[in-house]
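I have placed the structure first, in the form of structure tokens, so that the comments after it can refer back to it.
Residue numbers (this note's numbering): 6 to 157.
Structure (structure tokens):
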């Protein structure tokens, strides 16, 4: 009877040891598998993020970045209307020459006309020319656009 009892106890102990070893092995395998899966997921996510960054950089390079900024300060408006004709020549000097002629009118670029020639022996020169001439059509268009939108 004792032998049977000893055999039963030994068999039960061996079974318990085997069950414990199997449980430990299963737990270790599960932990290793979980760690490997987590590492693989992290690596895959890192690769995806790096690829997305590379794609975004390539798109930015291909698109050429942002557009140019707005232009600088506003252009000036057109010149004012032309001035009057030049004044009369100066008075005679002591000599016999006549007075100088009046200066020419300004052209449409805003330049004044030249003075008249001196009189013979006299000292009086011609008057200077008037200011700029009639406004040109592009200047009128630019003034109209600036009136609508000051940044033009």
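For every residue, glycine included, the Cβ atom is placed at its ideal position computed from N, Cα and C. As the structure is a prediction and not an experimental result, all values here were calculated from the model.
Using the C-alpha atoms, what's the distance from residue 151 back to residue 98?
Confidence at residue 98 is low in this model, with a pLDDT of 45, below 50, so the placement of that residue should be treated as unreliable; the coordinate-derived value is given next. Roughly 52 Å separates the two Cα atoms.
Going by DSSP in three states, residue 152 sits in which element: helix, strand or coil?
helix
For residue 6, three-class secondary structure by DSSP:
coil
Rounded straight-line distance, which links the Cα of residue 59 to that of residue 67:
CA-to-CA, the gap between residue 67 and residue 59 works out to about 12 Å.
Would you kindly work out how many angstroms separate the C-alpha atoms of residue 22 and residue 30, rounded to a whole number?
12 Å
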